[in-house]
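**Q**
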Amino acid sequence: MNVRHPPHARPAVDLEAEADLARCGALKDFWYVACLSTELPANRPVARTVFGMGLVLFRGPDGVPTALRDRCLHRNARLSKGDVFDGRLGCPYHGWVYDASGAVVEIPALGPPQRGEKLDANACAHEGLKPAPCDLGRLARFPTREQDGLVYVYLGEDVTQARAEPFRVPYWGERGWTVYFMVTRFANGVTNLVENFMDVPHTSFVHRGWFRNPTRKRVPSTVKRHAGRVRMTYLQEEDALTGLGRLFNPRGLPLVHTDEFIVPNITRVDYQWGDSGFAINSQCTPIGPTDTLVYTAISYRLPVDLPGAWVGRALTPFVRWYTSQVIQQDVVIMETQRQGLTDGPGGGVYSGTEADLHHADVEAYRCWLREGAQGPGPEDAERDVVFWV
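In the numbering used here, the protein residues as written are 330 to 718.
#1: Taking only runs that begin and end inside the stretch 566-624, name each unbroken beta strand (DSSP E) of 3 or more residues, in chain order.
#2: Since D412 sits in a beta bridge, which residues does DSSP pair it with?
#3: Roughly how many whole angstroms lie between the Cα atoms of L686 and V552?
#4: Identify the continuous alpha helix (DSSP H) that holds T532 and give its terminal residues.
#5: Would DSSP call S653 helix, strand or coil?
#6: Thinking just about the alpha-carbon of each residue, which of V691, H403 and V488 is nearest to the one in P421?
#7: Whole-angstrom Cβ separation of R580 and A710, contact assumed at under 8 Å?
#8: Nearest by alpha-carbon distance to N372: which of K357, G392 and D358 is it?
#9: State the Cα-Cα distance for the pair M663 and W506, rounded to the nearest angstrom.
#10: Taking the alpha-carbon positions, what's the L468 to V535 distance?
#11: On the DSSP bridge list, what partners appear for S550?
#12: Report buried or exposed for D349, applying the criterion of at least 16 other Cβ atoms within 10 angstroms of its Cβ.
#13: Distance check for V718 and V529, CA to CA, integer angstroms please.
#14: Just verifying my parser: in three-state terms, what is the DSSP assignment at D349?
#15: Going by beta carbon distance, what residues of the same chain come within less than 7 Å of T645, once the five residues before and after it are set aside?
#16: Quick one, are the C-beta atoms of V379 and T614 less than 8 Å apart?
#17: With 16 other CB atoms within 10 Å as the buried threshold, where does T489 fall?
#18: How many Å lie between S611 and F526 at the Cα?
#19: List the whole-angstrom C-beta distance separating V362 from Y481, where the pair is believed to meet the contact cut-off of C-beta under 8 Å.
#20: With a 10 Å radius around its C-beta and 16 neighbouring C-beta atoms as the bar for buried, classify Q657 as buried or exposed.
#21: For T619 versus R667, is the C-beta spacing smaller than 8 Å?
#22: Could you tell me which residues DSSP puts in a beta bridge with M382?
#23: So what's I436 in DSSP terms, helix, strand or just coil?
#24: Please report the residue range of the beta strand (DSSP E) in which Y509 lies.
#25: From S653 to Y629, what distance separates their C-alpha atoms?
#26: On the premise that V385 lies in contact with L397, defined as a C-beta separation below 8 Å, what is that separation, rounded to the nearest angstrom?
#27: Report the rounded CA-to-CA distance for A432 versus F359, giving the unit in angstroms.
#28: Once the 5 residues before and after C394 are set aside, which same chain residues still bring their CB inside 7 Å of it?
#29: Looking at the structure shown, is S366 part of a helix, part of a strand, or coil, going by DSSP?
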């Protein structure tokens, strides 16, 4: 007999607080993806917004990424519209030049610098003018880290107090695995996106025919909340996956499927059939209250009895096209949700069933972080859940 649990109600996520650097609490004390390594060449700056903060990224003379406030100290022009030369950044308005530390090293209006001469820290001070920002030394500079094809930035107050290291991309550099990235802009907040990425029931509707078809089958699963992670393990060896499921499992092997949330902004979805499978790892970078940039790493490995690794590389254009179609379906439905949340006063109320239990766990962790992570976090828990797809 199927016992239907009564729906539970809870306030909708505070999208504005989650994306505001001044109100996001401990959510800022983590590394966030700023761009792909391939998006940051040696000769051009890149503009990004993280937690509402405008950043300019460029590579210094050693090739290491630098992240500065995207605002010239002189007249507040966007430095990301300027040029990069010899590992230095030039403002497009009056040509002020910044080095990788954020210091002003040249002001063209003062004449060409002499060899070995350092710019006077008070060069922009003048009688009758208010003290200029450059008197304070340099632009705000934020720690960066480059690994696994991604450039991370840290906006917290003290990088030595970061709550976690930058996330390692699953199967990056491993033999037999192919990994590629997709960058997608969503009109919704991080919590709602994380819930969508590890939600099975919606796939039979939003991705019908593309990823999974309705089967009216019972899906037993377990939900484990532990140490900043929420892990769903689905006890269903047969699944009505369409598209890639047939490509990766031509022999009809049992499926091992897990979804995992990793605080504060990461999801990992794994489908495994013997020695083949694919993993979808998404890292969400908040731009504003209803605007998020998602960096998705797709990792896949074909059955070993198929010829060589070249097959995996050859299939990448098709797999990329297929996954982009599926992601765009989520883009549409997430904007539909955001429109519902922001339509009129009140911000909306969520209701849910047993199938939404892991979503409540995600919200519990993110709410705890948003409120400053004071005291112990959500207690560890493990529960059995049954739903239908």
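We put the CB at the ideal spot given by N, CA and C, even for glycine.
For clarity, every value in this text was computed on a predicted model and none was experimentally measured.
**A** Based on what the coordinates show:
#1: Fully enclosed beta strand (DSSP E) runs of 3 or longer: 585-591, 595-602 and 605-617.
#2: In the sequence shown, counting from the first residue as 1, residue 412 sits at position 83. DSSP output for D412 lists G419 as bridge partner(s).
#3: Residue numbering aside, residue 686 sits at position 357 when the sequence shown is read from its first letter. Residue numbering aside, residue 552 sits at position 223 when the sequence shown is read from its first letter. Between L686 and V552, the alpha-carbon positions lie close to 8 Å from each other.
#4: For the purposes of this step, residue 532 is taken as the residue at position 203 of the sequence shown. Start and end: T532 to V535.
#5: By 1-based counting over the sequence shown, the position of residue 653 is 324. Helix at S653.
#6: What you label residue 421 is simply residue 92 of the sequence shown in a count that begins at 1. Comparing Cα positions, the closest option is H403.
#7: Taking the sequence shown and counting its residues from 1, the one referred to as residue 580 is at position 251. Taking the sequence shown and counting its residues from 1, the one referred to as residue 710 is at position 381. Their Cβ separation, rounded to whole angstroms, is 37 Å, which puts R580 and A710 out of contact at 8 Å.
#8: On the sequence shown, residue 372 is found 43 positions in, with the first residue counted as 1. Here the closest residue by C-alpha is G392.
#9: Translated into positions along the sequence shown, residue 663 becomes position 334. Translated into positions along the sequence shown, residue 506 becomes position 177. Looking at the backbone, the Cα of M663 and that of W506 are separated by about 30 Å.
#10: Here residue 468 refers to the residue found at position 139 when the sequence shown is read from its first residue. Here residue 535 refers to the residue found at position 206 when the sequence shown is read from its first residue. Computed Cα separation, rounded: 45 Å.
#11: Position 221 of the sequence shown, counting from 1, holds the residue named residue 550. Y563 and V714.
#12: As a working note, residue 349 is residue 20 in the sequence shown. So D349 ends up on the buried side.
#13: Position 200 of the sequence shown, counting from 1, holds the residue named residue 529. Position 389 of the sequence shown, counting from 1, holds the residue named residue 718. Their backbone Cα atoms lie some 8 Å apart in a straight line.
#14: Numbered from 1 along the sequence shown, position 20 holds the residue referred to as residue 349. Three-state result, D349: coil.
#15: Here the question's residue 645 lines up with position 316 in the sequence shown. Within the same chain, T645 has close Cβ partners T507 and Y509.
#16: Residue 379 sits at position 50 when you count from the first residue of the sequence shown. Residue 614 sits at position 285 when you count from the first residue of the sequence shown. With contacts defined as CB atoms closer than 8 Å, V379 and T614 qualify as a contacting pair.
#17: For this step, residue 489 is matched to residue 160 along the sequence shown. By the 10 Å Cβ count, T489 comes out exposed.
#18: Your numbering for residue 611 matches position 282 in the sequence shown. Your numbering for residue 526 matches position 197 in the sequence shown. C-alpha separation (whole angstroms): 8 Å.
#19: Taking the sequence shown and counting its residues from 1, the one referred to as residue 362 is at position 33. Taking the sequence shown and counting its residues from 1, the one referred to as residue 481 is at position 152. Indeed they touch by this definition, with Cβ atoms about 6 Å apart.
#20: Within the sequence shown, numbered from 1, the residue matching residue 657 stands at position 328. Classification of Q657: exposed, given that the 10 Å Cβ count is below 16.
#21: In the sequence shown, the residue the question calls residue 619 occupies position 290. In the sequence shown, the residue the question calls residue 667 occupies position 338. At the C-beta level, T619 and R667 come within 8 Å of one another.
#22: Along the sequence shown, one-based indexing puts residue 382 at 53. Looking at the DSSP assignment, M382 forms a beta bridge with V379.
#23: Working through the sequence shown from its first residue, we reach residue 436 at position 107. DSSP, read as helix, strand or coil, puts I436 in coil.
#24: Here residue 509 is taken as the residue at index 180 of the sequence shown, counted from 1. First-last of the beta strand (DSSP E) with Y509: T507 to F515.
#25: On the sequence shown, position 324 is the one that residue 653 refers to. On the sequence shown, position 300 is the one that residue 629 refers to. So the alpha carbons of these two residues sit roughly 15 Å apart.
#26: For this step, residue 397 is matched to residue 68 along the sequence shown. For this step, residue 385 is matched to residue 56 along the sequence shown. Yes, L397 and V385 are in contact; Cβ-Cβ is about 5 Å, under 8 Å.
#27: Locating residue 432 in the sequence shown gives position 103, where the first residue counts as 1. Locating residue 359 in the sequence shown gives position 30, where the first residue counts as 1. If I take the Cα positions, the gap works out to 25 Å.
#28: Against the sequence shown, residue 394 aligns to sequence position 65. Strictly speaking, residue 394 in this sequence is Pro, with Cys absent from that position. Counting only Cβ-Cβ distances below 7 Å, and skipping sequence neighbours, we find L369, L386, R388, T473, E475 and V480.
#29: Stepping through the sequence shown from its first residue, residue 366 is reached at position 37. Reduced to three states, the DSSP call for S366 is helix.
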